[in-house]
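My numbering applies: residue 37 is where the sequence shown begins, and numbers increase by one. The block underneath contains the structure these notes are about, expressed in structure tokens.
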Amino acid sequence: MENITDFLGNVPWWLWIVTFILLVAIRDVFLQRSHTINHNFPVVGHLRYWLESIGPEMRQYFVANNREELPFNRIERGWIYASAKKENNYEGFGTDRDIYAHQHIFVKNAMIGYQVSEGHPNFEDPYFLACAKVIGAYNKRKKPFRPASVINVSAMSFGSLSAAAVEAMNKGVAKAGAYHNTGEGGLSPYHKKGGDVVFHFGTGYFGVRSKDGNFSIEKMKILVDENPCIKAIEIKLSQGAKPGKGGVLPGSKISREIAEIRGVEIGKDVLSPATHKAFDSIPELLQLIERIADETGLPVGIKAAIGKLDQWDELTDLMKKTGKGPDFITIDGGEGGTGAAPPSFADHVSLPWVYGFATIYKLFQDKGLCGRVVFIGSGKLGFPAKAAMAFAMGVDCINVAREAMMSIGCIQAQVCHTNRCPAGVATQSKWLQAGIDVSLKSNRLAQYFKTFQKEFLEVTHAAGYQHPCQFTMNDIQVNVDDDYLSSDLKTVYGYEKTPVAFESMKELHDCIYLGGKPN
Ligand SMILES: Cc1cc2nc3c(=O)[nH]c(=O)nc-3n(C[C@H](O)[C@H](O)[C@H](O)COP(=O)(O)O)c2cc1C
Numbered sequence: 037m038e039n040i041t042d043f044l045g046n047v048p049w050w051l052w053i054v055t056f057i058l059l060v061a062i063r064d065v066f067l068q069r070s071h072t073i074n075h076n077f078p079v080v081g082h083l084r085y086w087l088e089s090i091g092p093e094m095r096q097y098f099v100a101n102n103r104e105e106l107p108f109n110r111i112e113r114g115w116i117y118a119s120a121k122k123e124n125n126y127e128g129f130g131t132d133r134d135i136y137a138h139q140h141i142f143v144k145n146a147m148i149g150y151q152v153s154e155g156h157p158n159f160e161d162p163y164f165l166a167c168a169k170v171i172g173a174y175n176k177r178k179k180p181f182r183p184a185s186v187i188n189v190s191a192m193s194f195g196s197l198s199a200a201a202v203e204a205m206n207k208g209v210a211k212a213g214a215y216h217n218t219g220e221g222g223l224s225p226y227h228k229k230g231g232d233v234v235f236h237f238g239t240g241y242f243g244v245r246s247k248d249g250n251f252s253i254e255k256m257k258i259l260v261d262e263n264p265c266i267k268a269i270e271i272k273l274s275q276g277a278k279p280g281k282g283g284v285l286p287g288s289k290i291s292r293e294i295a296e297i298r299g300v301e302i303g304k305d306v307l308s309p310a311t312h313k314a315f316d317s318i319p320e321l322l323q324l325i326e327r328i329a330d331e332t333g334l335p336v337g338i339k340a341a342i343g344k345l346d347q348w349d350e351l352t353d354l355m356k357k358t359g360k361g362p363d364f365i366t367i368d369g370g371e372g373g374t375g376a377a378p379p380s381f382a383d384h385v386s387l388p389w390v391y392g393f394a395t396i397y398k399l400f401q402d403k404g405l406c407g408r409v410v411f412i413g414s415g416k417l418g419f420p421a422k423a424a425m426a427f428a429m430g431v432d433c434i435n436v437a438r439e440a441m442m443s444i445g446c447i448q449a450q451v452c453h454t455n456r457c458p459a460g461v462a463t464q465s466k467w468l469q470a471g472i473d474v475s476l477k478s479n480r481l482a483q484y485f486k487t488f489q490k491e492f493l494e495v496t497h498a499a500g501y502q503h504p505c506q507f508t509m510n511d512i513q514v515n516v517d518d519d520y521l522s523s524d525l526k527t528v529y530g531y532e533k534t535p536v537a538f539e540s541m542k543e544l545h546d547c548i549y550l551g552g553k554p555n
């Protein structure tokens, strides 16, 4: 034994390296068949895979220019990071954008802007920006709800996000008065940290699922009774990144905790079918909405990405005829994010937000239904100027998913589908999520929301209004062609927004249905 240790101790360091390289070369040439490059270029071939794996980060840090990257460019990400940290989020020397570029947005400022005088809610609190409509008011639900913030966390499940990320978001929305949409994975303990919650379910019915994988109204009732933080319920029909795409949650990922939260069996594969079992026609969808609203007393809405219009036509006809319908509608854009989706879906199925929303809003307007519904928009809208455009087109609130992720540290590594998120946000790895300081990150999310509200209000005041619900299609211009290049939204999309019944900020502030209060 001593002889062996002596011998090994006497081997020079360079011989260890040569032996290691030789072993790698033998493996590459003789023992593996899966990588041609490694076989044909032993040892050095590995460099290719390594460089490819760090390519996105290298491009992001060194190569891409400020406005080049997608989904979010460096300036957009930088604005969110600085806003979340309450750092200087200004730009020096003027814009670096080509303001003559196609689709560039302009907000028309007033000659003399809106002045916030003493006694106005925003004089005391420059961050107060509640939704101008009450969700569930038209349908006289037992528990109507006015979101205390116009920016809120969009559907993202515990499962696609880490426990630490969900908890940070929930504590963050509680501080900002916003709501937190659970996403499809059920209501987890991490969603119950003080924030208002919108409970969301899709075809897997996680958290409200019967033994045979169908929707259970009994479970829904119990869930709502036991959790007063739930303020509204959202039925997911589709999302922009993968409309009509089902999925499988592999048994290997179903821990005891996930099984309990989702109401499924430990270790067994679970299918989220492409379509719902609880309804397969528009009248049945309407019946389900009414049933859930009656049994729980909560407002009920739907979320969808937009493509064909025939079933929306049927829905609006039925709403008109019966006087019933969803309390809110979330329209997601084709540019929306996801934990994982095939590129064929993410890149091509469903319309971008502006086209999808404009089409649906016009349909509702033609049938006189806009005043009955709270419209929520999602699809890269978490920036004040983009939000101004969305409000001018008719939304009442926006939901943000990836912007919220970035506010708590996501670096847009785009590896949510691999469980290897380096920021600990979209992973179940205990090690990676241990890097998240929940209390600090919750402050960051809250601060991003507050900075957004403040800047959005400032843009609104510059346009001469008190609340962004007052924006009209004439207030925003967008570059559309090379002629006179820029046109107002009314000309581009062919409608004018139905005015929102807004009295004053004070009325919103004093509303008995205002959310954002401790439960
Ligand atoms: C990690 C992740 C998980 C998501 N999970 C869901 C989900 O469970 N249900 C859903 O309807 N949308 C889901 N989405 C879509 C978002 O809720 C949102 O509609 C979309 O990303 C657009 O918003 P954004 O541009 O602000 O990210 C998810 C998005 C991400 C990034």
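Here a beta-carbon is modelled for each residue, glycine too, at the ideal position from N, C-alpha and C. Small disclaimer: the values here were computed from a predicted structure and weren't measured.
Report task. Taking Y174 as part of the alpha helix (DSSP H), name the residues at either end of that continuous run. Result -> For the purposes of this step, residue 174 is identified with residue 138 of the sequence shown, where counting begins at 1. That residue, Y174, is in no alpha helix (DSSP H); it is neither H nor E in DSSP.
**Report entry** Distance cut-off 7 Å: L468 Cβ against heavy atoms of ligand 1
**Finding:** For the purposes of this step, residue 468 is identified with residue 432 of the sequence shown, where counting begins at 1. No, the Cβ of L468 stays beyond 7 Å of every heavy atom of ligand 1.
Query raised in the report: Do V47 and D64 have their CB atoms nearer than 8 Å?
Result: Position 11 of the sequence shown, counting from 1, holds the residue named residue 47. Position 28 of the sequence shown, counting from 1, holds the residue named residue 64. Going by C-beta atoms, V47 is not nearer than 8 Å to D64.
Query - Residue range of the unbroken alpha helix (DSSP H) whose run includes Q483 - result: One-based indexing of the sequence shown puts residue 483 at position 447. Run containing Q483: V474 to A498, per the alpha helix (DSSP H) assignment.
Query raised in the report: Among the residues of its own chain, which have a CB less than 6 Å from the CB of Y529, if the five just before and after it don't count?
Result: Within the sequence shown, residue 529 is the residue found at index 493, counting from 1. Around Y529: A394.
Query raised in the report: Taking contact to mean at least 3 C-beta pairs separated by less than 8 Å, is the stretch 480-498 in contact with the stretch 202-218?
Result: Remark: three or more beta-carbon pairs, one from each stretch, lie closer than 8 Å, so the stretch 480-498 and the stretch 202-218 are flagged as touching.
Query raised in the report: Is E491 near ligand 1, in the sense that its beta carbon is under 7 Å from a heavy atom of that ligand?
Result: Residue numbering aside, residue 491 sits at position 455 when the sequence shown is read from its first letter. Answer for E491: no, Cβ out of range of ligand 1.
Requested in this report: Return yes when at least one heavy atom of ligand 1 lies under 7 Å from the C-beta of C452, else no.
Outcome: Mapped onto the sequence shown, residue 452 falls at position 416. Result yes, Cβ under 7 Å from ligand 1.
Report task. Report whether the distance from the Cβ of T508 to the nearest heavy atom of ligand 1 is below 7 Å. Result -> In the sequence shown, the residue the question calls residue 508 occupies position 472. For ligand 1, not one heavy atom lies less than 7 Å from the Cβ of T508.
Requested in this report: Return the chain-ordered ranges of every alpha helix (DSSP H) run that is complete within the stretch 209-295 and spans a minimum of 4 residues.
Outcome: You should have 253-262.
Report task. Flag Q275 as yes when its Cβ comes closer than 7 Å to any non-hydrogen atom of ligand 1, and as no otherwise. Result -> Taking the sequence shown and counting its residues from 1, the one referred to as residue 275 is at position 239. Yes, since a heavy atom of ligand 1 falls inside the 7 Å radius drawn around the Cβ of Q275.
Query raised in the report: Helix or strand or just coil, what does DSSP make of V54?
Result: Working through the sequence shown from its first residue, we reach residue 54 at position 18. In the structure shown, V54 sits in a helix (DSSP, three-state: H, G or I).
Query raised in the report: Looking at the structure shown, is C433 part of a helix, part of a strand, or coil, going by DSSP?
Result: Within the sequence shown, residue 433 is the residue found at index 397, counting from 1. Strand, per DSSP.
Report task. Between the Cα of A499 and those of L354, F142, I271 and Y97, spot the shortest distance and give me the residue it belongs to. Result -> Walking along the sequence shown from the start, residue 499 turns up at place 463. The candidate whose alpha carbon is nearest that of A499 is F142.
**Report entry** M429 Cβ short of 7 Å to ligand 1 heavy atom set
**Finding:** By 1-based counting over the sequence shown, the position of residue 429 is 393. Flag unset: Cβ of M429 not near ligand 1.
Query raised in the report: So does M192 have its beta carbon nearer than 7 Å to some heavy atom of ligand 1?
Result: Taking the first residue of the sequence shown as position 1, residue 192 is located at position 156. Indeed, a heavy atom of ligand 1 lies less than 7 Å from the Cβ.
**Report entry** Anticipated Cβ contact below 8 Å, A382 with K278, distance rounded
**Finding:** Working through the sequence shown from its first residue, we reach residue 382 at position 346. Working through the sequence shown from its first residue, we reach residue 278 at position 242. That pair is a contact at about 7 Å.
Query - Environment of Y126 [buried if 16+ CB atoms lie within 10 Å] - result: In the sequence shown, the residue the question calls residue 126 occupies position 90. Answer is exposed; the Cβ neighbour count stays below 16.
Query raised in the report: How is S380 classed by DSSP in three states: helix, strand or coil?
Result: For the purposes of this step, residue 380 is identified with residue 344 of the sequence shown, where counting begins at 1. The answer is helix: DSSP assigns S380 an H, G or I state.
Requested in this report: Determine the direct distance from the alpha carbon of L493 to that of K272, and round the result to whole angstroms.
Outcome: The count along the sequence shown starts at 1 and reaches residue 272 at position 236. The count along the sequence shown starts at 1 and reaches residue 493 at position 457. Whole-angstrom Cα-Cα distance: 31 Å.
Report task. From the DSSP output, in three-state form, read off A341 for me. Result -> Position 305 of the sequence shown, counted from the first residue, corresponds to residue 341. Note: A341 maps to strand in three-state DSSP.
Query - Backbone secondary structure at D346 - three-state DSSP - result: Taking the first residue of the sequence shown as 1, we reach residue 346 at position 310. It is helical.
Report task. Could you tell me whether the stretch 183-199 touches the stretch 300-307, using the rule of 3 or more Cβ pairs below 8 Å? Result -> no
Query raised in the report: With 16 other CB atoms within 10 Å as the buried threshold, where does I187 fall?
Result: Within the sequence shown, residue 187 is the residue found at index 151, counting from 1. Flag for I187 reads buried.
Query raised in the report: What three-state label does DSSP hand D42 in the structure shown?
Result: Position 6 of the sequence shown, counted from the first residue, corresponds to residue 42. In this structure, D42 counts as helix in the three-state DSSP scheme.
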